[in-house]
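K.L.:
First, the structure itself, so that you have it in front of you.
Encoded structure:
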């Protein structure tokens, strides 16, 4: 019964989201596109960071490869948008495999640091490629149609979320979670850890690249700095962690809430907005370090004590 | 009859420190082989080398006549080698049931593909080690003795042909030890060969068909328990040389 209500609520929310372009103002639709793409990035990070426990700080590289793949295919080779998207996704997935094999041997902080450097390296490489327009960037053909971009972004987020739903209930997902919880134990229990980690990495790359491709065509202009924007990494991780890493809807809800808070703050109190935003995150980390998903699971059992327990557990 | 596991000239060096030195032994089908020795003798290293958690510096490992020393840990698990960890490694954030289900999903022969079937199997193994009533709890909510049981259930869910047990009785009281001994006897009765490290002498003496004594990474005695435990060299390794 409870499950049915949850499914029904999800379906209603989805229908409302689909209808947004016909009821909202143009500014709101544009905000919606950014929010949906960020949510997709957070959901992609959730697969490698939340489920597998490998805190990747380099998913912006996949986003950038998706952007450039799409742009190069469309601008230099005059291919249609769909082909460009696919090309960007292939680039990112291949890169994830090649890179994942060595980098995923590192654990913990070492992995995080190794991935952090990726965006910088990629910015430098792209800035020197003629086909990518060097450091000037590329201008994509103009397509006026925010509704299309909105629905595309929503479709991508739904696909990413359904993938995570499948992961959470599959043998593959159990393998990922086992790796997150204890990699040595996972290996002696028969989990092919290398294969699982690389596949998770590639899945994250796939969704990040598609988000990048849609963003590139929507914005119509990309350059190395904006396509490989490293602050995107921080954003997607904060959103995923705020919502609840390793949960199905947590990263999506986290992305929606934080995007909204950030948007409201920057229009209402523009100068000190980032200060407030920082405050929101600090408070969240102290009182609900395991994200909204964990609050939703345990609040009933603990009540307000839940927040107190978290503060105590971290000896603040 | 062919032994299930053959160890030939196995050595492991940690940056020059010899942890295991030219060790050779066999585990027969359906046998319980006890591995004992003072702290630091290299017992856990031997189990890690057999399970693939560590790579040997030298020597050969044959499982059912087939060389396995180049295989990664997960492939050895697929062949039917299961182990427990002395420092227990549960999946803390998962339920007790799902901890065991991982073994059923990925174990011998590549495991069970269906999640529901794996959970049914997991329930069976939890009952087998008398932990069924805790199935829905999180693994990190379990106390010490129950964690030991969980560790055992996880290894059993692989459906191993060879089970490597690293001090599954440490920290248990007498009654709990007797229960675990009974479980191990049940496991053996189902035809699984077992290599067991244990400090609880009473238990290992009653369980083992043969005992093997390690000291400074070398085998200093092997044979039936009563004989080995009275060997002067073994007594000396444990108690030190008696002053004249």
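Protein chains in written order, with the numbering used here: chain A, 1 to 316; chain B, 1001 to 1244.
Where is the CB? At the ideal position from N, CA and C, for every residue including glycine.
Measure the Cβ-Cβ separation of residue 62 of chain A and residue 262 of chain A and say whether it is below 8 Å.
P.N.:
For the purposes of this step, residue 62 of chain A is taken as residue 62 along the first chain, with counting starting at 1. For the purposes of this step, residue 262 of chain A is taken as residue 262 along the first chain, with counting starting at 1. The answer is no: Cβ separation not under 8 Å.
K.L.:
Sorted by chain position, which residues of the same chain lie with C-beta nearer than 6 Å to residue 1197 of chain B's C-beta, five sequence neighbours on each side aside?
P.N.:
Locating residue 1197 of chain B in the second chain gives position 197, where the first residue counts as 1. Hits under 6 Å: 1035, 1043, 1166 and 1167.
K.L.:
Do three or more CB pairs link the segment 1180–1192 of chain B to the segment 1137–1156 of chain B at distances below 8 Å?
P.N.:
Touching, yes.
K.L.:
On the three-state DSSP scale, how would you describe residue 1206 of chain B?
P.N.:
In the second chain, counting from the first residue as 1, residue 1206 of chain B sits at position 206. Looking at residue 1206 of chain B - three-state DSSP - the assignment turns out to be helix.
K.L.:
State the Cα-Cα distance for the pair residue 1244 of chain B and residue 1235 of chain B, rounded to the nearest angstrom.
P.N.:
Residue mapping note: residue 1244 of chain B aligns to position 244 of the second chain, counting from 1. Residue mapping note: residue 1235 of chain B aligns to position 235 of the second chain, counting from 1. The pLDDT assigned to residue 1244 of chain B is 42, lower than 50, so where the model puts this residue is not dependable, and the model offers no usable value.
K.L.:
Of all Cβ atoms in chain A, is any one closer than 8 Å to the Cβ of residue 1111 of chain B?
P.N.:
As a first step, residue 1111 of chain B is located in the second chain; it is residue number 111 there, counting from the start. Closer than 8 Å: yes.
K.L.:
Put residue 1166 of chain B into one of helix, strand or coil per three-state DSSP.
P.N.:
One-based indexing of the second chain puts residue 1166 of chain B at position 166. Strand, per DSSP.
K.L.:
Name the residues in the segment 1082–1104 of chain B whose C-beta lies less than 8 Å from a C-beta of chain A; which are they?
P.N.:
Within the segment 1082–1104 of chain B, the qualifying residues are 1082, 1083, 1085, 1089, 1090, 1091, 1092, 1093, 1094, 1098, 1101, 1102 and 1103.
K.L.:
Listing by chain order, which chain B residues have their CB less than 8 Å from the CB of residue 185 of chain A?
P.N.:
Residue numbering aside, residue 185 of chain A sits at position 185 when the first chain is read from its first letter. Chain B residues near residue 185 of chain A: 1085, 1089, 1090, 1091 and 1154.
K.L.:
State yes or no: is the beta carbon of residue 1229 of chain B nearer than 8 Å to at least one beta carbon in chain A?
P.N.:
Your numbering for residue 1229 of chain B matches position 229 in the second chain. It does not; no Cβ of chain A falls within 8 Å.
K.L.:
Helix, strand or coil for residue 1244 of chain B, going by three-state DSSP, please let me know.
P.N.:
Within the second chain, numbered from 1, the residue matching residue 1244 of chain B stands at position 244. Annotation note: pLDDT 42 at residue 1244 of chain B (below 50); position unreliable, coordinate value reported separately. Three-state result, residue 1244 of chain B: coil.
K.L.:
Buried or exposed, going by whether 16 or more other CB atoms sit within 10 Å of the CB of residue 1140 of chain B?
P.N.:
Here residue 1140 of chain B corresponds to residue number 140 of the second chain, with the count starting at 1. Counting Cβ neighbours within 10 Å, residue 1140 of chain B comes out exposed, since fewer than 16 surround it.
K.L.:
Counting only beta-carbon atoms, is residue 178 of chain A nearer than 8 Å to chain B?
P.N.:
As a first step, residue 178 of chain A is located in the first chain; it is residue number 178 there, counting from the start. Residue 178 of chain A counts as touching chain B.
K.L.:
In whole angstroms, give me the CA-to-CA distance for residue 1054 of chain B and residue 1072 of chain B.
P.N.:
As a first step, residue 1054 of chain B is located in the second chain; it is residue number 54 there, counting from the start. As a first step, residue 1072 of chain B is located in the second chain; it is residue number 72 there, counting from the start. Each residue's alpha carbon lies about 9 Å from the other.
K.L.:
CA-CA distance, residue 183 of chain A and residue 194 of chain A?
P.N.:
Position 183 of the first chain, counted from the first residue, corresponds to residue 183 of chain A. Position 194 of the first chain, counted from the first residue, corresponds to residue 194 of chain A. Rounded to the nearest angstrom, the two C-alpha atoms are 10 Å apart.
K.L.:
Under 8 Å between the Cβ atoms of residue 223 of chain A and residue 136 of chain A?
P.N.:
Translated into positions along the first chain, residue 223 of chain A becomes position 223. Translated into positions along the first chain, residue 136 of chain A becomes position 136. Contact: yes.
K.L.:
Are residue 240 of chain A and residue 100 of chain A touching if we call contact CB-CB under 8 Å?
P.N.:
Position 240 of the first chain holds residue 240 of chain A. Position 100 of the first chain holds residue 100 of chain A. No, Cβ-Cβ distance for residue 240 of chain A and residue 100 of chain A is not below 8 Å.
K.L.:
Helix, strand or coil: how does DSSP classify residue 240 of chain A here?
P.N.:
Sequence index remark: in the first chain, residue 240 of chain A carries index 240 (1-based). If DSSP states are grouped into helix, strand and coil, residue 240 of chain A belongs with the helices.
K.L.:
Are the beta-carbon atoms belonging to residue 42 of chain A and residue 251 of chain A less than 8 Å from one another?
P.N.:
Looking up residue 42 of chain A in the first chain gives position 42. Looking up residue 251 of chain A in the first chain gives position 251. Closer than 8 Å, so yes.
K.L.:
Helix or strand or just coil, what does DSSP make of residue 1067 of chain B?
P.N.:
Taking the second chain and counting its residues from 1, one reaches residue 1067 of chain B at position 67. Residue 1067 of chain B falls in the strand class under three-state DSSP.
K.L.:
Would residue 1144 of chain B count as contacting chain A if we go by Cβ distances under 8 Å?
P.N.:
The residue you call residue 1144 of chain B lines up with position 144 of the second chain. Taking Cβ atoms only, chain A never reaches closer than 8 Å to residue 1144 of chain B, which makes this a no.
K.L.:
Have a look at residue 1125 of chain B and residue 1100 of chain B and give me their C-alpha separation to the nearest angstrom.
P.N.:
As a first step, residue 1125 of chain B must be located in the second chain, where it is residue number 125. As a first step, residue 1100 of chain B must be located in the second chain, where it is residue number 100. The straight-line gap from Cα to Cα measures roughly 8 Å.
K.L.:
In three-state DSSP terms, what is residue 1027 of chain B?
P.N.:
On the second chain, position 27 is the one that residue 1027 of chain B refers to. If DSSP states are grouped into helix, strand and coil, residue 1027 of chain B belongs with the strands.
K.L.:
Hey, is residue 192 of chain A's beta-carbon within less than 8 Å of any beta-carbon in chain B?
P.N.:
On the first chain, position 192 is the one that residue 192 of chain A refers to. It does: the Cβ of residue 192 of chain A has a partner Cβ on chain B nearer than 8 Å.
K.L.:
Would you please state the rounded distance, in angstroms, between the beta carbons of residue 164 of chain A and residue 104 of chain A? I believe it to be under 8 Å.
P.N.:
On the first chain, position 164 is the one that residue 164 of chain A refers to. On the first chain, position 104 is the one that residue 104 of chain A refers to. Not really, about 19 Å apart at Cβ, beyond 8 Å.
K.L.:
In angstroms, rounded to a whole number, what distance separates the CA positions of residue 1216 of chain B and residue 1020 of chain B?
P.N.:
Residue numbering aside, residue 1216 of chain B sits at position 216 when the second chain is read from its first letter. Residue numbering aside, residue 1020 of chain B sits at position 20 when the second chain is read from its first letter. Near 7 Å, if we compare the C-alpha coordinates of residue 1020 of chain B and residue 1216 of chain B.
K.L.:
State the beta-bridge partners of residue 1032 of chain B as determined by DSSP.
P.N.:
On the second chain, residue 1032 of chain B is found 32 positions in, with the first residue counted as 1. Residue 1032 of chain B pairs with B:1194.
K.L.:
By the three-class DSSP mapping on this structure, what secondary structure does residue 1059 of chain B have?
P.N.:
Looking up residue 1059 of chain B in the second chain gives position 59. In this structure, residue 1059 of chain B counts as strand in the three-state DSSP scheme.
K.L.:
Thinking just about the alpha-carbon of each residue, which of A:95, A:123, A:205 and A:217 is nearest to the one in residue 83 of chain A?
P.N.:
Along the first chain, read from residue 1 onward, the residue named residue 83 of chain A stands at position 83. With distances taken between Cα atoms, residue 83 of chain A lies closest to A:217.
K.L.:
Could you please tell me which residues of the segment 65–83 of chain A, in chain order, have their CB closer than 8 Å to any CB of chain B?
P.N.:
Flagged: no residues at all.
K.L.:
Is the CB-CB distance between residue 994 of chain B and residue 1122 of chain B below 8 Å?
P.N.:
Lying outside 1001 to 1244, the shown extent of chain B, residue 994 of chain B is not represented and no answer is given.
K.L.:
Give me the chain A residues within the contact set of residue 1042 of chain B, using Cβ-Cβ distance strictly less than 9 Å, ordered along the chain.
P.N.:
Locating residue 1042 of chain B in the second chain gives position 42, counting from the first residue. Here the premise fails: no neighbours, minimum Cβ distance about 19 Å.
K.L.:
So which residues on chain B does residue 169 of chain A lean against when the C-beta distance must stay under 7 Å?
P.N.:
Start at 1 with the first residue of the first chain, and residue 169 of chain A comes out as number 169. Those within 7 Å of residue 169 of chain A in chain B are 1115.
K.L.:
With distance defined between alpha-carbon atoms, name the residue in B:1094, B:1164, B:1157 and B:1136 nearest to residue 1117 of chain B.
P.N.:
For this step, residue 1117 of chain B is matched to residue 117 along the second chain. Answer by Cα proximity: B:1157.
K.L.:
Using only CA atoms, which one of A:255, A:150 and A:226 lies nearest to residue 236 of chain A?
P.N.:
Taking the first chain and counting its residues from 1, one reaches residue 236 of chain A at position 236. The option with the nearest alpha carbon to residue 236 of chain A is A:255.
K.L.:
Taking Cβ to Cβ, would you say residue 1164 of chain B is nearer than 8 Å to residue 1081 of chain B?
P.N.:
Counted from its first residue, the second chain places residue 1164 of chain B at position 164. Counted from its first residue, the second chain places residue 1081 of chain B at position 81. Cβ atoms of residue 1164 of chain B and residue 1081 of chain B: closer than 8 Å.
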